[in-house]
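Colleague: Below you'll find the structure I mean.
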Amino acid sequence: MSPVYEKLMKCYESIKSKVDFEPQVALILGSGLGNYGEKIKIVHTLDYHEIEGFPVSTVQGHKGQFIFGYIGDVRVVCMQGRVHYYEGYEMSDVVLPTRLMKLMGAKVLFLTNAAGGVLQGMKPGDLMLIKDQIASFVPSPLIGENIEELGTRFPDMSHIYDEDLQQIVKKVAALNDIQIKEGVYLQFTGPQYESPSEVAMSRLLGAGAVGMSTACEAIAANHMGMKIVGISLISNLASGISPIPLTHSEIQDSAKEAEPKFQKLVTDTIIEIGRIFKEEL
């Protein structure tokens, strides 16, 4: 058995021994967005430290726990805090939580993050629907021996972000008068913020926002056959666009200001996903 798969299954068995809950939707909350977990009708919480072998987030603002519960009638598992590659973990550990949530039963992965805005006209507090991604600057989570139990050796990446789910997000945004932009998300390794020249390069490549997460998780989820939807909170203007130096506190402040519209968009989107894809979930 692959060491990566063996570790994954040990974490899965550890969770199953503690929590009896089968989610339909998995939700990963990015930097400064962890308070959304308090809006869920909670059935169980599980600290990452309680899961044997589980990688634990070290980033300020990431609570580090799974929440199991309901958004409307939809069963969800929510990650309050993700693991990043820049924390020194292997990429297989970074995507281990994503794979775990699929094993738990989740068919849909809802990704969120705090990102730097690259497109002209963006401002802190904007929300961007992720249409596609560029993951060429981080190692693929699929490098190494393929785990056949999870997916095929060469998975197609033509439609990482599900078009039907994108339409639901846009419909919910329109109904609630929430302005939402659309764009491509580009993942760098971090932890340093991007240089002005790297931001200029990102724009040339077609990126709308840049960050340090998400794309690798989407690859792992797509490999396992999950439907994926993603929203970036534009927490700051990327270097070279912003006139002031970038700080992590700025990201948290922007997230707090955008919290009401973000929470409304995520909540109503998940409820609508549950309604439309009821039979598939």
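Just so it is clear: in the sequence shown, position 6 is 6 by UniProt numbering, and no numbers are missing. Using N, Cα and C, we set each Cβ at its ideal position, and we do this for glycine too. All values derive from a computational prediction rather than experimental measurement.
1) Got a sec, what are the start and stop residues for the beta strand (DSSP E) asparagine 236 sits in?
2) Just to confirm my understanding: we take glycine 64, look at its own chain, exclude 5 residues before and 5 after, and list those with CB closer than 8 Å. What are they?
3) Can you name the start and end residues of the beta strand (DSSP E) that glutamate 182 belongs to?
4) If you count every other CB in all the chains shown that lies within 10 Å of the CB of glycine 206, and 16 or more means buried, which is it?
5) If I'm right that isoleucine 231 touches leucine 129 with Cβ under 8 Å, what's the distance once you round it to whole angstroms?
6) Can leucine 109 and isoleucine 228 be called in contact, C-beta distance under 8 Å?
7) In chain order, what are the residue ranges of uninterrupted beta strand (DSSP E) at least 3 long that sit wholly in the region 76–134?
8) Considering only residues of the same chain and omitting the five flanking positions on each side of tyrosine 89, which have a CB-CB separation below 6 Å?
9) Could you round the C-beta distance between proline 124 and alanine 220 to whole angstroms and report it? I think they count as a contact, below 8 Å.
10) Could you tell me which whole alpha helix (DSSP H) segments of length 4 or greater appear in the region 3–50?
11) If I follow the unbroken alpha helix (DSSP H) through residue 332, where does it start and stop?
12) In the DSSP assignment, the beta strand (DSSP E) including isoleucine 147 goes from what residue to what residue?
13) Buried or exposed for serine 197, please, with buried defined as at least 16 other CB atoms from any protein chain shown within 10 angstroms of its CB.
14) How about the region 151–159 and the region 257–267: do they share at least three Cβ pairs that are nearer than 8 Å?
15) With a CB to CB cut of under 8 Å and the five nearest residues on each side skipped, what residues in its chain are close to tyrosine 70?
16) Could you tell me whether the region 184–194 touches the region 164–176, where touching means 3 or more Cβ pairs closer than 8 Å?
17) Please classify isoleucine 143 as buried or exposed, where buried requires at least 16 neighbouring CB atoms within 10 angstroms.
18) Given this structure, state the Cα-to-Cα distance separating isoleucine 273 from threonine 189, to the nearest angstrom.
19) Just tell me which of Asn35, Lys18, Tyr12, Ala115 has its CA closest to the CA of residue 336.
Modeller: Quick look at the numbers:
1) Bounds of the beta strand (DSSP E) holding asparagine 236 are 227–237.
2) The residues Asp47, Tyr48, His49, Val56, Ser57, Gln80, Gly81, in chain order, have a CB closer than 8 Å to that of glycine 64 in the same chain once the five nearest residues on each side in sequence are set aside.
3) Note, glutamate 182: beta strand (DSSP E), 181–187.
4) Counting Cβ neighbours within 10 Å, glycine 206 comes out exposed, since fewer than 16 surround it.
5) The Cβ separation is near 6 Å, so the contact holds.
6) Against a cut-off of 8 Å, the Cβ pair of isoleucine 228 and leucine 109 comes out as a contact.
7) The region 76–134 contains these whole beta strand (DSSP E) runs: 108–117, 127–134.
8) Same-chain partners within the cutoff: Pro55, Val83.
9) Wrong, their Cβ atoms sit about 29 Å apart, outside the cutoff.
10) If one requires a minimum length of 4 residues, the alpha helix (DSSP H) runs lying completely within the region 3–50 are 3–16, in chain order.
11) Residue coverage of the chain in this structure runs from 1 to 281, which leaves residue 332 outside it and unanswerable.
12) Going by DSSP, isoleucine 147 is part of no beta strand (DSSP E) at all; its letter is neither H nor E.
13) Exposed is the call here.
14) Below 8 Å, too few C-beta pairs join the region 151–159 and the region 257–267 to call them touching: fewer than three.
15) Cβ within range, chain order: Ile40, Lys41, Val43, Val76.
16) With the cut-off at 8 Å, the region 184–194 and the region 164–176 do not touch.
17) Looking at its Cβ environment, which holds fewer than 16 other Cβ atoms inside 10 Å, isoleucine 143 is exposed.
18) Distance between the alpha carbons of isoleucine 273 and threonine 189: 31 Å.
19) Residue 336 falls outside the range modelled here, since the chain spans only 1 to 281, and no answer is possible.
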